[in-house]
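Accompanying notes for the structure given below.
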Amino acid sequence: MTTETAPPTAKRVPSERTHHGDTVIDEYAWLAAKDDPATIAYLTAENEYTDARTAHLAELRADLFEEIRRRTRETDLSVPTRKGGHWYYTRTIEGQQYGVQCRRAVRDGEIDPPVSVDGAPLDGEEVLLDGNLLAEGHDFLSLGAFDISPDGRWLAYSTDFSGDERFTLRVKDLTTGELLPDEIPDTFYGTAWSSDASVLFYVTVDDAWRPNRVWRHTVGSATADDVVVHQEDDERFWVGVELTRSEKFILIDVHSKVTSEVLVIPAGNPTGAPAVIAPRRQGIEYTVEHHGHRFLVLHNDGAEDFALAFTSADVPGDWVPLIEHTPGTRLEAVDAFANHLVVSLRTDGLTGLRVLPVGSDDAYDIDFPEPLYSVGLDANSEYRTGQIRLRYASLVTPDSVYDYDLVTRQMVLRKQKPVLPGPDGRPYDPAEYEQHRDWALADDGTRVPISLVCRVGTPRDGSAPCELYGYGSYEASMDPWFSVARLSLLDRGVVFAVAHTRGGGELGRRWYDQGKLLAKKNTFTDFVACARHLVKAGWTASDRLVARGGSAGGLLMGAVANLAPDAFTGIVAEVPFVDPLTSILDPSLPLTVTEWEEWGNPLEDPEVYAYMKSYAPYENVAAVDYPAILAATSLNDTRVLYSEPAKWIARLRAVAPGGDYLLKTEMGAGHSGPSGRYDSWREEAFINAWILDRLGRA
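Taking my numbering, the leading residue of the sequence shown gets 6, the next gets one more, and so forth.
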């Protein structure tokens, strides 16, 4: 039984805005005032209400947390990765929230990575950075940069203790263990070292939290002497910086949602002026990788699913084809090694790797055995190597690290993430679970893929409960992934499904284009089609189906709540983008201008305004019977402001007061929620307990 208590009532303070002749009254706009004590009081009251309404799940939450903990090897060590004269790795220690970054010198004749016994430190270990020590006195910790200089002497790292993704950058001398006086506040992700490690490049943001400047810092000097190397004034674009694997060039990546430009600086001449590989052209995207005498260019110029070309590294000019465009095969990245190129791609909704030996036409794809899986390159720091590190997983196969010999084509499993016995003492056996690929038919006749996993023998008569996950934006693909926490649902008879809706990238660039801008509603109708199909196919029933999504996937959750409230018994919306029109109308907010090429510009275009208003969850709350809704957010989230779900829940209570709506706000975290692993497990246990309660399996 749940505790009966009255939900908080948000005060109504009418705020008027008018665009394109349309006047909107927003009674809850005041909740965007983060520093207003009334806002904090309301969020606190909502948290207290959520605690009271879920108090009956305390024992289940504890059980779920314990199941995650017992199945996880708490003291463990990642597979060491070689860079120069060291093996680099991360250790976790039982009872500690954060990883410990370490290295150990490569020994004479050592080829294979060293192996730890039961996660114990390697003999000769050097601790570079201990996240647990860094986090002392803080409730949150996130690392933005962790960048070893080419000579192995310096470590550039940056920290965020609030979750707002504004990092302080520092430099550590790894020979002495001392921190240099260099300290640079308010930096963003991305750093790059010069060849001689005398210069460090970094990125800062503008007032709208757009990464817009690349700086050059001389190690050991005053930060006041730092020089802006590139400043991007076009508010549609953002910048990044990195050192090529060859360590020959600094790359400055300049991107909007649909257009790219790359500038290069010789890493041996860090004070040199940046040179443009190819001037930006609206709608043309490209990335660059250095390879010997040439730059490899992955691009979409006349190639919807991208093609691979090269140009001279001395005098960049025309692009010479290497891999022609093949419709339906999306080329996603190219990694260069001295004697091989490795192309990451996807075909028919599955990821893959293609190897191109230099000087040979004998290109080949690496084969993998399962019908559903995801594969990609892992950390590969060495340029002159005949071996690559890759990561593989499926819905039933735990994360696996392999070393692959590019010449002999032999693959060696270095480590599979251990899944320890659960509370019942039984070891994990993937044969007890089965994964499927199914297809739903959208209203316009489009076939939409669904990935599913369940225990063997799960009935197909509609009696099984189901969680349906979705995202569907930014060309991001929800490739099959393994989850220890998910086992607790599967073992309670729940089917887990992923709807690969348009707006994602699972089926190539066209799949993405058909779910953005003025085609965004396809994302929502695809998800509903998947939900209806699962019922029709006997996987579940509407009163046994919970939907879940986060961020842009939270927008999806809010939209389908309005579109098909009868299709679900519950909806989990994490850091949900449920008030998109309000946010996209305000160019002073973080990310807004850069987002116009994803969603459209409702400020200037009345058609975009009307279209966004027609699907925005907050704008379309109606007096209908909604499924139970759990919205989870974070006070310091700079990507999706906490005020969006706060306003949404307030309006749901006012317009459709008979529903069961909960708002849970992390008061000291960011977009990704709690940072420590135990805190993250508790958060997942909280959500899964709520899901199981809605599904009648609590």
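Just so you know, even glycine gets a beta-carbon here, dropped at the ideal spot from N, CA and C.
Unbroken alpha helix (DSSP H) stretches of 4 residues or longer found wholly inside the segment 444 to 525: 489 to 495, 514 to 518, given in chain order.
Setting aside the 5 residues that flank it on each side, residue 30 is surrounded in the same chain by 19, 20, 21, each with a C-beta closer than 8 Å to its C-beta; the list follows chain order. According to DSSP, residue pairing for residue 328 in a beta bridge involves 313. At a Cβ-Cβ threshold of 8 Å, residue 183 and residue 249 do not count as neighbours. Judged by DSSP in its simplified three-state form, residue 407 adopts strand.
The DSSP-derived three-state label of residue 186 is strand.
Residue 220: member of the beta strand (DSSP E) spanning 216 to 223, first to last residue.
The alpha-carbon of residue 176 is positioned some 48 Å away from that of residue 441.
With contacts defined as CB atoms closer than 8 Å, residue 198 and residue 230 fail to qualify as a contacting pair. Remark: C-beta atoms of residue 453 and residue 472 do not approach each other more closely than 8 Å. By the CB criterion at 8 Å, residue 289 and residue 300 fall outside the cutoff. Fully enclosed beta strand (DSSP E) runs of no fewer than 3 residues occupy 232 to 236, 243 to 248, 254 to 260 of the segment 228 to 262, in order along the chain.
The continuous beta strand (DSSP E) containing residue 92 extends over residues 91 to 97. With fewer than 16 neighbouring CB atoms inside 10 Å of its own CB, residue 64 falls in the exposed class. Beta-bridge analysis with DSSP links residue 22 to 29. When C-beta atoms of the segment 143 to 152 are compared with those of the segment 120 to 132, fewer than three pairs fall below 8 Å, so the two segments do not count as touching. Under the three-pair Cβ rule at 8 Å, the segment 73 to 93 counts as touching the segment 112 to 128. In this structure, 243 is the residue among 339, 519, 243 with its C-alpha nearest to the C-alpha of residue 194.
Taking every protein chain shown into account, the CB of residue 649 has 16 or more other CB atoms within 10 angstroms, so this residue is buried.
Considering only 641, 278, 260, the residue with the shortest C-alpha distance to residue 232 is 278.
Comparing alpha carbon positions, the residue from 173, 38, 447, 308 closest to residue 538 is 447.
In this structure, 349 is the residue among 349, 67, 572 with its C-alpha nearest to the C-alpha of residue 370. Here DSSP, grouped into helix, strand and coil, assigns residue 634 to strand. Distances from the CA of residue 439 to each of 590, 378, 54, 602 were compared; the closest alpha carbon is that of 378. Annotation: the continuous beta strand (DSSP E) that includes residue 208 extends over 204 to 210.
Pairing residue 475 with residue 558 gives a Cβ-Cβ distance under 8 Å. Pairwise C-beta distances place the segment 457 to 473 in contact with the segment 528 to 546, as three or more of them are shorter than 8 Å. The DSSP-derived three-state label of residue 608 is coil. Residue 458 is positioned such that its CB atom lies closer than 8 Å to that of residue 495.
With 16 or more other CB atoms across the displayed protein chains lying within 10 angstroms of its CB, residue 266 is buried. Annotation for residue 672: no alpha helix (DSSP H) segment contains it, and DSSP assigns it neither H nor E. Comparing C-alpha distances from residue 78 to each of 561, 622, 425 shows the shortest one belongs to 425.
Listed in chain order, the non-local C-beta contacts of residue 480 below 6 Å within the same chain comprise 510, 517, local neighbours out to five positions each way being set aside.
Cβ-Cβ distances below 7 Å link residue 383 to 394, 395, 396, 406 in the same chain, with the five nearest sequence neighbours on each side left out; the list follows chain order. Cβ-Cβ distances below 8 Å link residue 381 to 349, 356, 358, 395, 396 in the same chain, with the five nearest sequence neighbours on each side left out; the list follows chain order. Counting only runs of 3+ residues, the beta strand (DSSP E) found wholly inside the segment 536 to 567 occupies 550 to 555, in chain order.
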